[in-house]
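> Using the working numbering, the letters of the sequence shown map in sequence onto residues 66 to 235.
C-beta: ideal position from N, C-alpha, C; glycine also.
Pasting in a structure now, in structure tokens, and then I'll have a few things to ask.
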Amino acid sequence: MTSTIDAQVLPTPAGPLSLLCHGGVLVAAGFTADPTQMFARLPERLRALPLQGVDDLGKPAQAVRDYLDGDLFALDTVELDQPGTPTRQRLLTALRAVPAGTTISYAELAERAGMPRTAARAAGSACAQNLIAPFVPCHRILPATGNRPFGGYYYGTPVKEWLLRHENAI
């Protein structure tokens, strides 16, 4: 049997959310109606596999539905696989541990990952390259100061704001 990347697009109030799984493990998720946009960001070894649409990815799709229905911790139960250096993995692990309903700064994310000297730059880079939003909740990271209170977000500030309001974090 040939291995595939299975994709499903779910409607959400923040816009369509594409989910991509490999062997039942979530490898990408993002607010786009076009799963090929997420597929293009995958590591080369996964892009070598065929992408196929499916009707239901099972647990990841159900977790999104539960999250939208108010179970703000449903996304935390989904198995993920995201590439990255050991440093990036530490930041992504710390990022995933930021609970729904809370926000922290980029500098605090670096500190929680045990890398206070890397400061906001490495944390910001990890968020910018995150392939599995909102399961790895980079939307919960805000700049400490500045004239952009929400900072940036790969899928746009309105999506970030919707997620934070849904989680009662703002």
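On a CA-only basis, which of Val119, Thr101, Asp120 is nearest Leu111? Give me that one, please.
Per the Cα distances, Thr101.
> Under the three-state reduction of DSSP, which class applies to Asp71: helix, strand or coil?
Of the three classes helix, strand and coil, the one that applies to Asp71 here is strand, per DSSP.
> Could you tell me which residues DSSP pairs with Cys86 in its beta bridges?
Partner(s): Asp71, Leu91.
> Does DSSP put Gly118 in a helix, a strand or coil?
Three-state DSSP puts Gly118 in a strand.
> Residues in its own chain within less than 7 Å of Asp146 by CB, not counting five upstream and five downstream?
Cβ within range, chain order: Val90, Val92.
> Please report the distance separating the alpha-carbon of Leu114 from that of Arg106.
So the alpha carbons of these two residues sit roughly 13 Å apart.
> Is DSSP giving Leu140 helix, strand or coil here?
Of the three classes helix, strand and coil, the one that applies to Leu140 here is helix, per DSSP.
> Between Lys124 and Leu157, what straight-line distance do the alpha-carbon atoms span, to the nearest angstrom?
Those two C-alpha atoms are separated by around 21 Å.
> Along the chain, where does the alpha helix (DSSP H) containing Arg161 start, and where does it finish?
It spans 151 to 161 - the alpha helix (DSSP H) in which Arg161 sits, taken as one unbroken run.
> Figure out for me which residue from Val74, Gly189, Pro108, Ile197 has the closest Cα to the Cα of Asp120.
When only C-alpha atoms are compared, the closest one is Val74.
> Ignore the nearest five residues each way along the sequence and tell me which others in Thr142's own chain have a CB closer than 7 Å to its CB.
Result list for Thr142: Ala128, in chain order.
> Which of the three DSSP states is assigned to Tyr218 in this structure?
Tyr218 falls in the coil class under three-state DSSP.
> Nearest to Thr210 by CA position, among Gly95, Ala234, Ile169, Thr152, is which residue?
Ranking the options by Cα distance to Thr210, first place goes to Ile169.
> Between Tyr219 and Val201, what straight-line distance do the alpha-carbon atoms span, to the nearest angstrom?
For Tyr219 and Val201, the distance between alpha carbons rounds to 13 Å.
> Secondary structure at Leu133, three-state DSSP: helix, strand or coil?
Here Leu133 sits in helix by DSSP.
> Out of curiosity, what's the CA-to-CA distance linking Pro223 and Asp136?
So the alpha carbons of these two residues sit roughly 21 Å apart.
> Applying the criterion that 16 or more other CB atoms from any shown protein chain within 10 Å of the CB defines a buried residue, is Asn233 buried or exposed?
Classification for Asn233: exposed.
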